[in-house]
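Student: Chains V and U are the protein sequences, given in the same order. Heads up: the first sequence at position 32 corresponds to 31 in numbering that gives the first Met the number 0, and the numbers run straight through without jumps. Heads up: the second sequence at position 125 corresponds to 124 in numbering that gives the first Met the number 0, and the numbers run straight through without jumps. This is the structure, below, for whatever I ask next.
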Amino acid sequence: MSAAGQAVTRVSVLRLSLSVRAIKVAGLISFIVLWQIVGSAAPAFYSSPSRVVVELRELLFEDDLVYLTLESGLTMLIGLTLSVVVGVALGLALGVFRRFSIAFEPFLAAFYAVPTAPWIPLMVVWFGIDRPFAIATVVIGTAVLLAFSTAAGIRETDRQYREVSRSFGISGWTMFTRILLPGSIPFLGAGMRLAIKRSFTAVLIAEYLVGLPGLGLVIRSARESMATDRVFASAVATLIVGVALIAGSSAVERRLTRWRPATF
Amino acid sequence: MRWAGDSSWVLRGLAFVALLVAWQVASQLMGQLLMPSPTRTVDSFVELITTGELADAWSETLFIMAVGLASIAVIGIGLGMALGRFRLADTFLDPVLTGLFMLPKLALVPIVALWLGYQETAKIVYIFLFGFFEVLFVVRNGVRSMEAEYVEVARSYVVPERTMLLKIILPASIPFVITGLRLGLLRGIEGAVIAGFFFESNGVGGLIFNAGVSFQPEILFAGLATVAAVGITINLVLHAAERRVAPWAEVSAT
């Protein structure tokens with residue numbers, strides 16, 4: 000294609016994406032306007048954007064929203080760190096030792112099939128009602144996921160680089176530390192993104208269930224007060240934190256996969 | 000496959016025994032009160048079955064799950080197909096739908112309670128919200144990807160809209176629909192358990208919740224085991240269906 004032709008295509012693509020963006024903005028604005036109208040008619044039932052903004056300000060400046068969000072974040076951070084240690088160790092064992100994976104993978108898959116929330120009461124029985132039980136919930140909910148993605152990374156890297164490594168005389172420990180371990184990191188990245196999302200949900204439910212200080216407690220107190228505006232404001236606050244977290248976790252994934260193209 | 004076949008089942012059997020031994024040792028170290036032994040867990044499981052407690056809990060849960068999931072299937076698949084075909088409506092609704100998809104569903108508990116109370120209706124709606132977006136987005140993306148592959152060709156042969164829908168779009172979207180349903184069902188189980196925690200505490204969620212409150216880990220174990228069994232069954236059945244109906248398709252989005 001000529002340079003001029005390329006420029007024309009680029010302009011039309013730009014125009015298309017601009018109009019897509021305009022339609023999306025229009026959709027969002029219509030939703031907000033509609034909510035405002037419906038909410039003004041029955042505020043006790045639907046609240047409204049303007050009321051939510053007022054309530055959000057109160058949550059921020061009077062009810063320690065930032066502090067509580069950071070509390071949830073700290074629980075997630077500790078839990079995910081432990082989970083990476085446990086998950087990567089387990090994943091390496093699964094990926095490297097074939098008999099180990101044949102023996103234990105079905106049981107881990109069964110464990111993986113249980114959603115995280117039902118574990119929470121057991122974690123309370125074992126670890127009490129302070130932060131450790133919430134941390135344990137994060138580990139229970141994400142360690143096997145991380146193990147599976149690490150193991151997949153090891154296997155895939157081994158499959159692709161075994162022959163070429165062998166022909167360069169690389170084997171054993173060097174193969175493990177120089178080829179398999181770095182090769183599995185992009186796969187861990189994909190697992191991490193999912194793990195961050197899961198751990199957020201797990202921490203919220205854990206906090207809500209026992210009233211541990213955190214974002215989950217904000218939702219719980221909104222429900223207990225049954226004040227409509229507070230209920231909706233806490234949902235909006237959770238959404239904002241959640242979206243920020245998803246953006247952050249995509250960045251983590253990109254960072255972990257950066258050194259290697261997506262298809263290889 | 001050196002370890003395929005019989006020998007791998009031997010390995011799995013050995014692993015199972017090893018896990019049982021580890022469980023027994025753990026229960027002796029932690030005490031029966033925190034970690035009931037395998038035999039004690041089986042005893043309490045049998046008791047839950049004979050008293051009918053487990054059946055009662057699961058019949059309640061399966062009922063609300065069935066209603067919730069049926070509505071997820073109908074509305075999710077229908078709307079997903081519509082949005083996949085009509086680009087303008089899809090773009091317009093995208094920010095709101097994506098926002099609702101991203102919203103941690105726990106934040107919806109107070110809203111659902113506010114609107115519908117704590118009984119069955121509230122639980123069904125909650126399960127719906129838990130699994131709906133999963134189905135919607137998988138189906139929508141599937142139909143949208145079809146647009147380039149088949150619909151353009153069909154259009155250039157001037158296939159009428161009705162034939163297009165019945166002969167092209169519906170059959171070609173089956174794999175996405177099954178994948179979407181599998182994800183929606185798995186999310187639905189989670190939603191049903193959580194609904195038992197936060198709404199009226201009956202069903203299997205209530206069973207687990209109350210076992211935690213009354214400090215009976217053996218009942219917790221039994222409840223967790225049944226949740227796992229249902230989850231695994233759904234996963235296996237729908238995975239098999241996926242492979243059977245669409246062996247060419249690779250749509251697994253986790």
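Ideal Cβ positions, reconstructed from N, Cα and C, are used throughout, including at glycine.
Where do the N-terminal and C-terminal ends of the alpha helix (DSSP H) with V/Gly215 fall, by residue?
Tutor: Indexing the first sequence from 1 puts residue 215 of chain V at position 216. Its alpha helix (DSSP H) spans residues 214-224.
Student: Where does V/Tyr207 sit, in a helix, a strand or coil, going by DSSP?
Tutor: One-based indexing of the first sequence puts residue 207 of chain V at position 208. DSSP places V/Tyr207 in helix when its eight states are reduced to three.
Student: Which residue comes first and which comes last in the alpha helix (DSSP H) that contains V/Thr136?
Tutor: Taking the first sequence and counting its residues from 1, one reaches residue 136 of chain V at position 137. Segment 130-166, the alpha helix (DSSP H) holding V/Thr136.
Student: Is it true that the segment 138-155 of chain U meets the segment 191-210 of chain U, where meeting means three or more beta-carbon pairs spaced less than 8 Å apart?
Tutor: Touching, no.
Student: Candidates U/Phe175, U/Arg181, U/Ile167, U/Val108: which alpha carbon is nearest U/Asn140's?
Tutor: As a position in the second sequence, residue 140 of chain U is number 141, starting the count at 1. Selected option, being the one with the closest Cα: U/Phe175.
Student: Report the residue from V/Asp228, V/Leu208, V/Lys196 whose alpha carbon sits nearest the alpha carbon of V/Gly78.
Tutor: By one-based count along the first sequence, residue 78 of chain V stands at place 79. Residue V/Lys196 is the option with its Cα nearest to V/Gly78.
Student: Check whether the Cβ atoms of V/Gly90 and V/Ala146 sit closer than 8 Å, and answer yes or no.
Tutor: Taking the first residue of the first sequence as 1, we reach residue 90 of chain V at position 91. Taking the first residue of the first sequence as 1, we reach residue 146 of chain V at position 147. It is a contact, given that the beta carbons lie within the stated cut-off.
Student: So, is V/Asp228 buried or exposed, given that buried needs 16 or more other C-beta atoms within 10 angstroms?
Tutor: Taking the first residue of the first sequence as 1, we reach residue 228 of chain V at position 229. Buried, since its Cβ has 16 or more Cβ neighbours within 10 Å.
Student: At a CB-CB cut-off below 8 Å, which residues of chain U make contact with V/Ala221?
Tutor: Within the first sequence, numbered from 1, the residue matching residue 221 of chain V stands at position 222. Within chain U, the residues near V/Ala221 are Pro109.
Student: For V/Phe175, which of V/Ala25, V/Phe96, V/Arg192 has the nearest alpha-carbon?
Tutor: If you number the first sequence from 1, residue 175 of chain V lands on position 176. The residue with the shortest Cα to Cα distance from V/Phe175 is V/Phe96.
Student: Is the Cβ-Cβ distance between U/Phe132 and U/Phe100 less than 8 Å?
Tutor: Walking along the second sequence from the start, residue 132 of chain U turns up at place 133. Walking along the second sequence from the start, residue 100 of chain U turns up at place 101. Taking 8 Å as the Cβ cut-off, U/Phe132 and U/Phe100 qualify as a contacting pair.
Student: Whether or not the segment 190-201 of chain U and the segment 6-19 of chain U are in contact is what I'm after, with contact meaning three or more pairs of Cβ atoms, one per stretch, closer than 8 Å; do they touch?
Tutor: Touching, no, given that fewer than three Cβ pairs across the two stretches are closer than 8 Å.
Student: If the cut is a Cβ gap below 7 Å, which residues of chain U does V/Ala112 touch?
Tutor: Taking the first sequence and counting its residues from 1, one reaches residue 112 of chain V at position 113. Ordered by position in chain U, the residues that pass the 7 Å Cβ test against V/Ala112 are Ala227, Gly230, Ile231, Asn234.
Student: Pick helix, strand or coil for U/Ala245, following the three-state DSSP scheme.
Tutor: Numbered from 1 along the second sequence, position 246 holds the residue referred to as residue 245 of chain U. U/Ala245 falls in the coil class under three-state DSSP.
Student: Does the pairing of the segment 222-232 of chain U with the segment 159-177 of chain U give three or more beta-carbon distances under 8 Å?
Tutor: With the cut-off at 8 Å, the segment 222-232 of chain U and the segment 159-177 of chain U do not touch.
Student: Please confirm if U/Val150 has its CB atom under 8 Å from at least one CB of chain V.
Tutor: The count along the second sequence starts at 1 and reaches residue 150 of chain U at position 151. Chain V, which has no Cβ nearer than 8 Å to the Cβ of U/Val150, makes this no.
Student: Please check the pair V/Val123 and V/Phe132, which I expect to be a contact at CB under 8 Å, by giving their CB distance rounded to whole angstroms.
Tutor: Within the first sequence, numbered from 1, the residue matching residue 123 of chain V stands at position 124. Within the first sequence, numbered from 1, the residue matching residue 132 of chain V stands at position 133. Going by Cβ atoms, the distance from V/Val123 to V/Phe132 rounds to 5 Å, so yes, they are a contact pair.
Student: Quick test of the definition: if touching needs 3 or more C-beta pairs under 8 Å, does the segment 149-168 of chain U touch the segment 47-55 of chain U?
Tutor: No contact exists between the segment 149-168 of chain U and the segment 47-55 of chain U.
Student: Using a Cβ cut-off of 8 Å (strictly closer), state whether U/Asp93 contacts chain V.
Tutor: Within the second sequence, the letter at position 94 stands for residue 93 of chain U. Yes, because at least one Cβ of chain V sits closer than 8 Å to the Cβ of U/Asp93.
Student: Could you round the C-beta distance between V/Leu64 and V/Val217 to whole angstroms and report it? I think they count as a contact, below 8 Å.
Tutor: On the first sequence, position 65 is the one that residue 64 of chain V refers to. On the first sequence, position 218 is the one that residue 217 of chain V refers to. So it is a contact: roughly 7 Å between Cβ atoms.
Student: Would you call U/Gly30 buried or exposed, if buried means 16 or more other Cβ atoms sit within 10 Å of its Cβ?
Tutor: By 1-based counting over the second sequence, the position of residue 30 of chain U is 31. With fewer than 16 Cβ atoms within 10 Å of its Cβ, U/Gly30 is classed as exposed.
Student: Within its chain, find whatever has a CB closer than 7 Å to the CB of V/Val37; leave out the 5 residues flanking it on each side and keep chain order.
Tutor: The residue you call residue 37 of chain V lines up with position 38 of the first sequence. Answer for V/Val37: Tyr45, listed in chain order.
Student: Give me the Cα-Cα distance between U/Phe254 and U/Gly79, rounded to the nearest whole angstrom.
Tutor: Shown here, chain U extends from 0 to 253; a query on residue 254 of chain U therefore has no answer.
Student: With a 10 Å radius around its C-beta and 16 neighbouring C-beta atoms as the bar for buried, classify U/Met64 as buried or exposed.
Tutor: Looking up residue 64 of chain U in the second sequence gives position 65. Label assigned to U/Met64: buried.
Student: Does DSSP classify U/Ala252 as helix, strand or coil?
Tutor: Start at 1 with the first residue of the second sequence, and residue 252 of chain U comes out as number 253. With a pLDDT of 41 at U/Ala252, under the threshold of 50, the modelled position of this residue cannot be trusted, and the question is left open.
Student: Could you name the residues of chain V that U/Met101 contacts, counting a contact when the two beta carbons are closer than 7 Å?
Tutor: On the second sequence, position 102 is the one that residue 101 of chain U refers to. Simply Leu238, Gly241, Val242, Ile245.
Student: Hey, does V/Gly188 have any beta-carbon neighbour from chain U nearer than 8 Å?
Tutor: Here the question's residue 188 of chain V lines up with position 189 in the first sequence. No, no contact with chain U.
Student: Alpha carbon to alpha carbon, how far is V/Phe231 from V/Ser39? Give it in angstroms, no decimals.
Tutor: Locating residue 39 of chain V in the first sequence gives position 40, where the first residue counts as 1. Locating residue 231 of chain V in the first sequence gives position 232, where the first residue counts as 1. The alpha-carbon atoms of V/Ser39 and V/Phe231 are separated by roughly 14 Å.
Student: Is U/Phe285 close to chain V, meaning its C-beta is less than 8 Å from at least one C-beta of that chain?
Tutor: Lying before the first or after the last residue shown, residue 285 of chain U is absent from chain U, which here runs from 0 to 253.
Student: When you compare the CB positions of U/Ala106 and U/Ala112, do they come within less than 8 Å of one another, or not?
Tutor: As a first step, residue 106 of chain U is located in the second sequence; it is residue number 107 there, counting from the start. As a first step, residue 112 of chain U is located in the second sequence; it is residue number 113 there, counting from the start. For U/Ala106 and U/Ala112, no; Cβs fall outside 8 Å.
Student: Have a look at U/Ser70 and U/Arg161 and give me their C-alpha separation to the nearest angstrom.
Tutor: In the second sequence, residue 70 of chain U corresponds to position 71, counting from 1. In the second sequence, residue 161 of chain U corresponds to position 162, counting from 1. So the two alpha carbons sit approximately 25 Å from each other.
Student: Starting from U/Ile207, find everything on chain V with Cβ-Cβ shorter than 7 Å and list it in chain order.
Tutor: Against the second sequence, residue 207 of chain U aligns to sequence position 208. Under the 7 Å cutoff, chain V gives Pro117, Pro120.
Student: Note down, in chain order, every chain V residue with its Cβ under 9 Å from the Cβ of U/Ser7.
Tutor: Position 8 of the second sequence, counted from the start, is the residue given in the question as residue 7 of chain U. Those are Arg98, Ile101, Ala102, listed as they occur along chain V.
Student: Counting only Cβ pairs nearer than 7 Å, list the residues of chain U close to V/Pro105.
Tutor: Taking the first residue of the first sequence as 1, we reach residue 105 of chain V at position 106. Here the neighbours are Arg11.
Student: Give the secondary structure of U/Ser200 by DSSP, where H, G and I count as helix, E and B as strand, and everything else as coil.
Tutor: The sequence position of residue 200 of chain U within the second sequence is 201, counting from 1. U/Ser200 falls in the coil class under three-state DSSP.
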